[in-house]
Amino acid sequence: MRIDKIDVKSVQNSINPELLFEIEIFIQTKYEIPIEITGHLFSNENSNKNMKLANIQGFIYEPDKIFELSARGVRDEGEEKLVIKSIASLNHRVLDHIETSRAKNPKGDVLLNLDIFVKTLESKISLSHMFLMESGELPFQLPEFYKSAKLVFYQYQSREFSTAYTDMWILSGDSSSTFIEIRNNNFKEPVTIPSSDWIHDYCPVFQIGRFSVFEYLIPDYIEGSGSVEERLNESINAIQKMEKNLIKYEWNQVIEDSRAVWELLRNKEEIKDLLIRDGYTEEAYTDLNEGIKQLFNYSSKFHHREDRGKRVMPEIKASKEDVYLIYAISMNIVNVISKKTQRLAPKQ
Numbered sequence: 012m013r014i015d016k017i018d019v020k021s022v023q024n025s026i027n028p029e030l031l032f033e034i035e036i037f038i039q040t041k042y043e044i045p046i047e048i049t050g051h052l053f054s055n056e057n058s059n060k061n062m063k064l065a066n067i068q069g070f071i072y073e074p075d076k077i078f079e080l081s082a083r084g085v086r087d088e089g090e091e092k093l094v095i096k097s098i099a100s101l102n103h104r105v106l107d108h109i110e111t112s113r114a115k116n117p118k119g120d121v122l123l124n125l126d127i128f129v130k131t132l133e134s135k136i137s138l139s140h141m142f143l144m145e146s147g148e149l150p151f152q153l154p155e156f157y158k159s160a161k162l163v164f165y166q167y168q169s170r171e172f173s174t175a176y177t178d179m180w181i182l183s184g185d186s187s188s189t190f191i192e193i194r195n196n197n198f199k200e201p202v203t204i205p206s207s208d209w210i211h212d213y214c215p216v217f218q219i220g221r222f223s224v225f226e227y228l229i230p231d232y233i234e235g236s237g238s239v240e241e242r243l244n245e246s247i248n249a250i251q252k253m254e255k256n257l258i259k260y261e262w263n264q265v266i267e268d269s270r271a272v273w274e275l276l277r278n279k280e281e282i283k284d285l286l287i288r289d290g291y292t293e294e295a296y297t298d299l300n301e302g303i304k305q306l307f308n309y310s311s312k313f314h315h316r317e318d319r320g321k322r323v324m325p326e327i328k329a330s331k332e333d334v335y336l337i338y339a340i341s342m343n344i345v346n347v348i349s350k351k352t353q354r355l356a357p358k359q
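For the sequence shown, my numbering gives the first residue as 12, with consecutive numbering after it.
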């Protein structure tokens, strides 16, 4: 048995994020049959700290195929291809680990190790030939092919049964009493998902960027043409820009994108009116507004190289944790205002 090719893709329409591995294997025709596929998925971090990400369960994707075991010497020589499909079920902690590992890769690729166990049935049967001769025909001249054969006398258990066939099968266990054995085959195969494929084909399915590890929901668009609704929708657009740059690891750009959220929401009377109508006090609104203003000032430190006094400031490079702080706060503030706007909207 050998592995020829491994393809990986995301599983569509699954509640949990899942990876599907399509594995092409070659087995010896009519000599070995795979009966069980299990395994593990590991990270590939080029160290002794490769982490187990998921268990794997596999199945043979060969609809209506009939497998046969034959004896040595009569089976067709050669190999045949089978397709094994194995699924690795992930979660948001695993995805976060993958993203963290991917950030360390110069190309941003996802590097994995597939540790697969394929249990097979293998035939140990060999065949010998014998032929029947009527006792009255002896002595006789043996055919050339059987010059070295020893004579076998055979009598059927039933005196009423006879056959005209002169060849029969005698089964042997290939120098032992073992006719069939179960063998565990282990394959360790590296799997690489290119960065561009991960971003365009996997992240949208796994909703990476739409949910952080703590599952902060991105707000929905608000219907309406009022000032609050328009500002909210522009803020949501800004968050979506943050999401795209988050996937690309453009940390400073994510924080710069967040400034649009603060600019749209700070010092706005219509936002104040909304919160007051929902039960906020003047002091509560003032504190929230001041917080938004300070977040605006904080995010500017990653973008502007001059302070308010026109003095040159050292460049600050954002890290992943800085970005997720701003990303989570941005989503939650917009979500608060979005939910209040929907709840206080006039009933239709």
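Ideal Cβ placement from N, Cα and C applies to all residues, glycine included.
Same chain, Cβ closer than 6 Å to residue i, five either side skipped, listed in chain order
i, result
"Ala329", "Trp262, Asn263, Ile266, Phe313"
"Leu31", "Lys20, Val22, Ile98"
"Val129", "Pro45, Ile48, Asn196"
"Phe222", "The pLDDT assigned to Phe222 is 48, lower than 50, so where the model puts this residue is not dependable; a value taken from the coordinates is nonetheless given after this. Result list for Phe222: empty, nothing under 6 Å."
"Tyr72", "Val94, Lys96"
Cut-off 8 Å between Cβ atoms - residues of its own chain near residue i, not counting five sequence neighbours on either side
i, result
"Asn61", "Phe53, Ser54, Asn55, Asn124"
"Arg288", "Leu355"
"Asp120", "Arg113, Thr203, Ile204, Pro205, Ser206, Trp209"
"Ile303", "Trp273, Leu276, Arg277, Ile344"
"Ile191", "Leu80, Leu132, Glu133, Ser134, Lys135, Ile136"
"Pro74", "none"
Whole-angstrom C-beta distance between residue j and residue i, which should lie under 8 Å
i, j, result
"Asn27", "Ser100", "5 Å"
"Ser97", "Ile67", "5 Å"
"Ser310", "Arg270", "5 Å"
According to DSSP, residues forming a beta bridge with residue i
i, result
"Lys16", "Glu35"
"Asp126", "His51, Lys199"
"Ala154", "Here residue 154 turns out to be Pro, not Ala, going by the sequence shown. According to DSSP, Pro154 bridges with nothing at all."
"Arg194", "Thr131"
"Ser21", "Leu30"
"Glu43", "Glu133"
"Ser112", "Paired residue(s): none; Ser112 is not in a bridge."
"Leu138", "Leu182"
"Gly371", "Outside the modelled stretch of the chain, which goes from 12 to 359, sits residue 371, for which no answer is possible."
"Val121", "Ile204"
"Lys63", "Phe53"
"Ile360", "The structure shown does not extend to residue 360, since the chain spans only 12 to 359, so no value can be given for it."
Close Cβ partners of residue i (< 7 Å) along its chain, the five nearest in sequence each way excluded
i, result
"Val239", "Glu281, Ile282, Leu285, Thr352"
"Leu106", "Pro28, Phe217, Ile219"
"Thr292", "none"
"Tyr296", "Lys283, Leu286, Ile287"
"Gly290", "none"
Practice item. Decide yes or no for the touch test of the stretch 111 to 118 against the stretch 31 to 39: beta carbon pairs closer than 8 Å, at least 3 of them. Key: Using a C-beta cut-off of 8 Å, the stretch 111 to 118 makes no contact with the stretch 31 to 39, since fewer than three inter-stretch Cβ pairs fall below that distance.
Practice item. Tell me the start and end of each unbroken alpha helix (DSSP H) in the stretch 257 to 311 that is at least 4 residues and wholly inside, in chain order. Key: Every unbroken stretch of the alpha helix (DSSP H) spanning 4 or more residues and falling wholly within the stretch 257 to 311 is given here in chain order: 262 to 276, 280 to 288, 293 to 311.
Check your understanding: At a cut of 8 Å, does the stretch 236 to 252 reach the stretch 336 to 355 through at least three beta carbon pairs?
Key -> These segments touch.
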